[in-house]
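Peer 1: Sequential numbering from 0 applies to the sequence shown in numbering that gives the first Met the number 0. The beta-carbon is built from N, C-alpha and C at its ideal position, and this holds for glycine as well.
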Amino acid sequence: MSEPVTIILVFLGVMVVTTVVFAVWLVATVIKLVSRGIAALVRPGGGGRSLLRPEYECPRQSCRQTNPSSAKFCRRCGKELLRSELMVQDRNREMRRAAAWL
Ligand SMILES: [Zn+2]
Numbered sequence: 000m001s002e003p004v005t006i007i008l009v010f011l012g013v014m015v016v017t018t019v020v021f022a023v024w025l026v027a028t029v030i031k032l033v034s035r036g037i038a039a040l041v042r043p044g045g046g047g048r049s050l051l052r053p054e055y056e057c058p059r060q061s062c063r064q065t066n067p068s069s070a071k072f073c074r075r076c077g078k079e080l081l082r083s084e085l086m087v088q089d090r091n092r093e094m095r096r097a098a099a100w101l
């Protein structure tokens, strides 16, 4: 009569192991999502690539000073770095990156 008890114990053991593994996976996923959410809040508009985002060039032809992506005005000439112009630079860089992969 010991066989059903063994089967139940094995079944319970598998259940416990599965639950522990699932719990660990769940916690890891939640931590990953939360840290990604915090990173997105700290650097908005990055879409996950924010950490790799390089510096921006000043749109003024005679300047071309590189400024950090967080800068609102050029460090050298003081020209306002318009988001739309920076987006164009971003898109061009992405297209260049895509072309490099081909
Ligand atoms: Zn400038």
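Near ligand 1, which residues have their beta-carbon closer than 6 angstroms to a heavy atom?
Peer 2: The filter returns C57, R59, C62, Q64, C73, R75, C76, K78, in chain order.
Peer 1: Determine the burial state of C57: buried for a count of at least 16 other Cβ atoms within 10 Å of its Cβ, exposed for fewer.
Peer 2: Its Cβ being crowded by 16 or more others within 10 Å, C57 is buried.
Peer 1: On the DSSP bridge assignment, give the partners of N66 in chain order.
Peer 2: N66 pairs with Y55.
Peer 1: Considering only C-alpha positions, which residue in the set Q88, S83, R96, G12 is nearest to E54?
Peer 2: Ranking Q88, S83, R96, G12 by Cα distance to E54 puts Q88 first.
Peer 1: Can you give me the start and stop residues for the alpha helix (DSSP H) that L81 sits inside?
Peer 2: Note, L81: premise wrong, no alpha helix (DSSP H); not H, not E.
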